[in-house]
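*Asks:* Residues 3 to 298 in our numbering are what the sequence shown spells out, letter by letter.
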Amino acid sequence: MANASHAPIKSFIYVAVGAFLMALADLFIKKVAVSGLSMVTLFFFGMPTGMAVLMFLARVSGGIKHHLKPKHPKTLLIRSLLFASMAVVVFKGFQHNPYSQQIMLQQLAPIITIIFSVIFLKESMSRALYFVVAACFLGSWLIIDPSFNSASAYLLLGLASAVLQASAHTYVAAHRHHATALGFTFYAMTFIAVIGAVFWLAIDRSLPNLEELLWIQLTTLFACIGIAMVGHGLQSARPYVAQVGVMLYIQTPAAILLGWIVFGEQPIFNSIIGACLIVGSGVLFTLRVKSKKQNE
């Protein structure tokens, strides 16, 4: 019999896999950002792959009408605005910050999701969660570096993206009856694609080469699937969004490894310690939840 005091295991799996795919999407966003391509080019040329992937997923998992019928346009618009704001801040962050450090700071999103879940969704907050919150904010302080030199100031974009991610995650969880995770993702992607198309036609009109076009398609592919999986995992976890949200921490070790392999990044010691605090506290909390479930 399933334990009523914990989220389903499948919710943890969905969020973990989705988080890893989002880390891969961020990798290709970084490649696009440093290549000189504009943000609107990414948004516009990523549209075909995104729409195709999401419509395919909708068709094989309940039907296009079930997932994509806009029953609550206002809710979809607010979620789309949050997503668009997050996309802009993330792109700007990757233009200026090392890939791994940007991802490390974005790992505050699960913690802020926990805080938002307690404040807005009226979920309970255990002593263990207080410890996780404190450890993660200390970790973010070490990553940013209190000296606030020119590089550190740009890392504040990582904090801003974490806040916007958490807002989007919490909003999806709070309005799970208004749209499915695929529905939220589809209309958010459509929204930024339309914005990208308007600005690209009006002021940009630069064309990516074949390699850059491949990066854009991979960004959209991994982002669409990852965001949809995270959204589904959080929706299926209610009223235990705070528990499942910690699985997003898987992005940090993936980012450190990918940043080293792809970009040759070597994070400074303070950043590594900060990342360990963020990841370690989240993992310990997850193991504590699993152990408690097995003992009850």
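Glycine included, C-beta positions come from ideal geometry on N, C-alpha and C.
What is the residue span of the alpha helix (DSSP H) that Thr254 lies within?
*Replies:* Counting along the chain, the alpha helix (DSSP H) containing Thr254 begins and ends at 253-265.
*Asks:* Along the chain, where does the alpha helix (DSSP H) containing Ser82 start, and where does it finish?
*Replies:* Residues 75-98.
*Asks:* Tell me the DSSP secondary structure of Gln237 in three-state form.
*Replies:* If DSSP states are grouped into helix, strand and coil, Gln237 belongs with the helices.
*Asks:* Which residues in the same chain as Phe150 place their Cβ atom closer than 7 Å to its Cβ, once the five residues preceding and following it in sequence are excluded?
*Replies:* With a pLDDT of 47 at Phe150, under the threshold of 50, the predicted position of this residue should be treated as unreliable, though the coordinate-derived value follows. Cβ neighbours of Phe150 beyond the five flanking positions: none.
*Asks:* Could you check which residue in Cys138, Pro100, Gly185 has the C-alpha nearest to that of Ile116?
*Replies:* Checked all of Cys138, Pro100, Gly185; the closest Cα to Ile116 is Cys138.
*Asks:* Count the other CB atoms, across all protein chains shown, that sit within 10 Å of the CB of Lys76; report buried if there are 16 or more and exposed otherwise.
*Replies:* That one is exposed.
*Asks:* List the whole-angstrom C-beta distance separating Gly261 from Val246, where the pair is believed to meet the contact cut-off of C-beta under 8 Å.
*Replies:* Going by Cβ atoms, the distance from Gly261 to Val246 rounds to 26 Å, so no, they are not a contact pair.
*Asks:* Tell me, please, whether the segment 247-254 touches the segment 20-39 by the rule of three or more beta-carbon pairs shorter than 8 Å.
*Replies:* The answer is yes - the segment 20-39 touches the segment 247-254, with three or more Cβ pairs under 8 Å.
*Asks:* Rounded to the nearest angstrom, what separates Ile209 and Ile229 at their Cα positions?
*Replies:* This sequence places Leu at residue 209; Ile is not what is there. About 27 Å.
*Asks:* Mind pulling the alpha helix (DSSP H) runs of 4 or more residues that sit fully within the segment 104-152?
*Replies:* Those alpha helix (DSSP H) runs which fall completely within the segment 104-152 and span 4+ residues are 110-122, 129-146.
*Asks:* Give a yes or no on whether the C-beta atoms belonging to Ala35 and Gln97 are separated by under 8 Å.
*Replies:* Closer than 8 Å, so yes.
*Asks:* With DSSP run on the structure shown, which of helix, strand or coil describes Tyr156?
*Replies:* In this structure, Tyr156 counts as helix in the three-state DSSP scheme.
*Asks:* Consult DSSP for Gln268 and reduce its assignment to one of helix, strand or coil.
*Replies:* Here Gln268 sits in coil by DSSP.
*Asks:* Any chance the segment 151-170 sits against the segment 87-107, with 3 or more Cβ pairs inside 8 Å?
*Replies:* Flag = yes, the segment 151-170 and the segment 87-107 touch.
*Asks:* According to DSSP, is Arg61 helix, strand or coil?
*Replies:* Looking at Arg61 - three-state DSSP - the assignment turns out to be helix.
*Asks:* Classify Ala9 as helix, strand or coil using the three-state DSSP reduction.
*Replies:* It is coil, neither helix nor strand.
*Asks:* On the CB-based measure, 16 or more other CB atoms within 10 Å of its CB, does His179 come out buried or exposed?
*Replies:* His179 comes out exposed.
*Asks:* Could you check which residue in Ala27, Phe47, Phe58 has the C-alpha nearest to that of Phe188?
*Replies:* Among Ala27, Phe47, Phe58, the Cα nearest to that of Phe188 is on Phe58.
*Asks:* Given a threshold of 16 other Cβ atoms within 10 Å of its Cβ, counted over all protein chains shown, does Val281 qualify as buried or as exposed?
*Replies:* That one is buried.
*Asks:* Cutting at 6 Å between CB atoms, please list the residues of its own chain near Phe265, excluding the five before and the five after it.
*Replies:* These residues qualify, in order along the chain: Tyr101.
*Asks:* Do you know how far the Cα of Leu78 is from the Cα of Ser152?
*Replies:* Below a pLDDT of 50, predicted positions are generally treated as unreliable, and Ser152, at 48, falls in that range; no measurement from the model is reported.
*Asks:* Which term fits Ala4, buried or exposed, when burial requires 16 or more other beta carbons within 10 angstroms of its beta carbon?
*Replies:* Residue confidence is low: Ala4 scores 44 on pLDDT, short of 50, so the model does not pin down where it sits. Its coordinate-derived value is still stated next. Looking at its Cβ environment, which holds fewer than 16 other Cβ atoms inside 10 Å, Ala4 is exposed.
*Asks:* If you draw a straight line from the C-alpha of Phe271 to the C-alpha of Leu159, how long is it?
*Replies:* Spanning the two alpha carbons is a distance of roughly 21 Å.
*Asks:* Note down the Cα distance separating Val196 from Gly64, rounded to an integer number of angstroms.
*Replies:* If I take the Cα positions, the gap works out to 26 Å.
*Asks:* Distance, Cα to Cα, Phe30 vs Leu259?
*Replies:* Roughly 15 Å between the two C-alpha positions.
*Asks:* Assuming Cys278 and Gly52 make a contact with CB atoms under 8 Å, what is their CB distance in whole Å?
*Replies:* The pair is not a contact, with the Cβ atoms about 34 Å apart (cut-off 8 Å).
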